[in-house]
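Before any comments, here is the structure.
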Ligand code: NDP
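Numbering (my numbering), first residue to last: 2 to 462.
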């Protein structure tokens, strides 16, 4: 490793991808620095997955209290102290931030505080100081965007939603993606009247049609008002509340507007164009399969590249860069069959192809589907249905996709994802003995295929 530069690797952005790459590089003896303008940890740890999941746990407590009566429990009046919850969540984030800082230091990675800007292919500027490196890794992530409509600044994004000082009576959530449905679950369980404004025909575009319909039905049963094919035109403040004008001219009143309308890559002010780093039309950094940009010494991983915008994918991409550069072990992150979850209420777990994608790609497929009332709810009395589904290639019998909406779906799908990654067939699923009594056993006991649909199934995703 050359001493011509101050560092072997200079990473911009201490989120999941940047930290993973830097630590792995440091463990191989590379001289590494990581630059962060905010707190070490990034979106997942500080403004995304982790704080969100802590709030999701809080929302499940409500279900447990409501279900308790069916199991013989009498519970007194329950009350959520939102302020206490936010305080506890923030304390945990401080702890995690400390762990991340310590882990970086233990791997010999120098933390540089400030905003970095590329000067040339081996040089960055941080607060007027020039730092050189043999390789530069950009892992600056993404940030939430709002629609370009009058009054959009009256709403908040997920960053602020995770830190609401108090709960509103009513909330309007704009969007139908991951963040919208997750916050709908959190807020409605906390007692907020939630309306979801979705511009498409249903929530979770891109997910399997049965996942979309099952989740929207279950959310509605829980009192979430979902308005599809509805666009917002403008927002105005009116005394204590906000008045929202919809495209059809109707007016909705609400106390809080949360924009969950997507995220865009953080690429401005980084000096990318000047250094020759190519961006695509969405403003994301263009990389090859090894995460190398159009400038050979500069790499990029995670949301800033807008491939699959999930923390574990950014980590895999970052580690692959470090392995390739510093361990003589050329590696590329594998973007096939990446499982994902939506921590809605009830949650979703998904891996592989949806039914629509499988029909488009393979033509002839067989679909297996189970819908049932979870055993727990025979006593709790809750009217909730679980949906599980396998999408199978007809000729080879290979399982192409597995989808679930119901309690523990993310935990269950993680294991199924291993089987799908190994190319398991439906026969191999069937030959696996179920664990009884569980919901998960349905994945190995589905016998009868769903009859071929008469309407064009491709229209529903
Ligand atoms: P998504 O891209 O998932 O969803 C954005 C939603 O907003 C879509 O329903 C989209 O509609 C809608 N939308 C976009 N622009 C407008 C507009 N101008 N007016 C009205 N609606 C609009 O983004 P999220 O913000 O939910 O999440 C960002 C990313 O973060 C996700 O893609 C995911 O990668 C990641 N994430 C992952 C989580 C997990 O793994 N559990 C949790 C949270 C986030 P349409 O579908 O029509 O485009």
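Ideal Cβ placement from N, Cα and C applies to all residues, glycine included.
DSSP puts residue i in a beta bridge; with which residues?
{"i": "residue 181", "result": "Paired residue(s): none; residue 181 is not in a bridge."}
{"i": "residue 130", "result": "127"}
{"i": "residue 266", "result": "143"}
{"i": "residue 121", "result": "124"}
{"i": "residue 394", "result": "366"}
{"i": "residue 36", "result": "13 and 113"}
{"i": "residue 301", "result": "139"}
{"i": "residue 31", "result": "According to DSSP, which records beta bridges pairwise, residue 31 is partnered with nothing at all."}
{"i": "residue 426", "result": "399"}
{"i": "residue 172", "result": "195 and 257"}
{"i": "residue 387", "result": "373"}
{"i": "residue 293", "result": "300"}
{"i": "residue 286", "result": "280"}
Tell me where the beta strand (DSSP E) around residue i begins and ends.
{"i": "residue 8", "result": "8-13"}
{"i": "residue 404", "result": "400-406"}
{"i": "residue 63", "result": "Taken as a continuous stretch (DSSP letters only), residue 63 belongs to no beta strand (DSSP E), being part of the alpha helix (DSSP H) at 50-69."}
{"i": "residue 448", "result": "It is not in any beta strand (DSSP E) - residue 448 carries neither H nor E in the DSSP assignment."}
{"i": "residue 271", "result": "Careful: residue 271 lies outside any beta strand (DSSP E) and carries neither H nor E."}
{"i": "residue 227", "result": "226-228"}
Assuming residue i contacts residue j under a Cβ cut-off of 8 Å, what Cβ separation, rounded to an integer in Å, is found between them?
{"i": "residue 433", "j": "residue 451", "result": "At roughly 21 Å, the Cβ-Cβ gap does not stay under 8 Å, so residue 433 and residue 451 are not in contact."}
{"i": "residue 245", "j": "residue 227", "result": "Actually they are not in contact, since the Cβ atoms of residue 245 and residue 227 sit about 16 Å apart, beyond 8 Å."}
{"i": "residue 350", "j": "residue 413", "result": "6 Å"}
{"i": "residue 222", "j": "residue 193", "result": "Not really, about 17 Å apart at Cβ, beyond 8 Å."}
{"i": "residue 388", "j": "residue 215", "result": "4 Å"}
{"i": "residue 173", "j": "residue 196", "result": "5 Å"}
{"i": "residue 343", "j": "residue 314", "result": "Between residue 314 and residue 343 the Cβ distance is about 16 Å, and since that is not below 8 Å, they are no contact."}
{"i": "residue 264", "j": "residue 146", "result": "7 Å"}
{"i": "residue 37", "j": "residue 114", "result": "7 Å"}
{"i": "residue 276", "j": "residue 286", "result": "In fact, because the Cβ distance is near 11 Å, the residues do not count as touching under 8 Å."}
{"i": "residue 6", "j": "residue 135", "result": "5 Å"}
{"i": "residue 327", "j": "residue 31", "result": "5 Å"}
{"i": "residue 235", "j": "residue 150", "result": "6 Å"}
{"i": "residue 288", "j": "residue 141", "result": "So it is not a contact: roughly 13 Å between Cβ atoms."}
{"i": "residue 380", "j": "residue 447", "result": "Wrong, their Cβ atoms sit about 25 Å apart, outside the cutoff."}
{"i": "residue 57", "j": "residue 137", "result": "Not quite, the Cβ-Cβ distance comes to about 36 Å (not below 8 Å), so this is no contact."}
{"i": "residue 386", "j": "residue 374", "result": "6 Å"}
{"i": "residue 159", "j": "residue 267", "result": "Between residue 267 and residue 159 the Cβ distance is about 15 Å, and since that is not below 8 Å, they are no contact."}
{"i": "residue 148", "j": "residue 262", "result": "6 Å"}
{"i": "residue 1", "j": "residue 55", "result": "The question about residue 1 has no answer here: the residues shown for the chain are numbered 2 through 462."}
{"i": "residue 356", "j": "residue 191", "result": "Actually they do not touch by this definition, with Cβ atoms about 34 Å apart."}
Following the continuous alpha helix (DSSP H) through residue i, name the residue where it begins and the one where it ends.
{"i": "residue 99", "result": "83-107"}
{"i": "residue 410", "result": "410-422"}
{"i": "residue 194", "result": "Looking at the DSSP string, residue 194 is not in any alpha helix (DSSP H); the run it does join, the beta strand (DSSP E), is 194-198."}
{"i": "residue 221", "result": "210-222"}
{"i": "residue 280", "result": "Per DSSP, residue 280 belongs to no alpha helix (DSSP H) and is neither H nor E."}
{"i": "residue 380", "result": "377-381"}
{"i": "residue 160", "result": "159-162"}
>> If we require 3 or more residues per run, which beta strand (DSSP E) segments fall completely within the stretch 230-257?
In response: The stretch 230-257 contains these whole beta strand (DSSP E) runs: 233-239, 242-247 and 252-255.
>> List, from N- to C-terminal side, the beta strand (DSSP E) runs of 3 residues or more that fit wholly inside the stretch 310-353.
In response: The beta strand (DSSP E) runs lying completely inside the stretch 310-353 and spanning 3 residues or more are 341-343 and 349-353, given in chain order.
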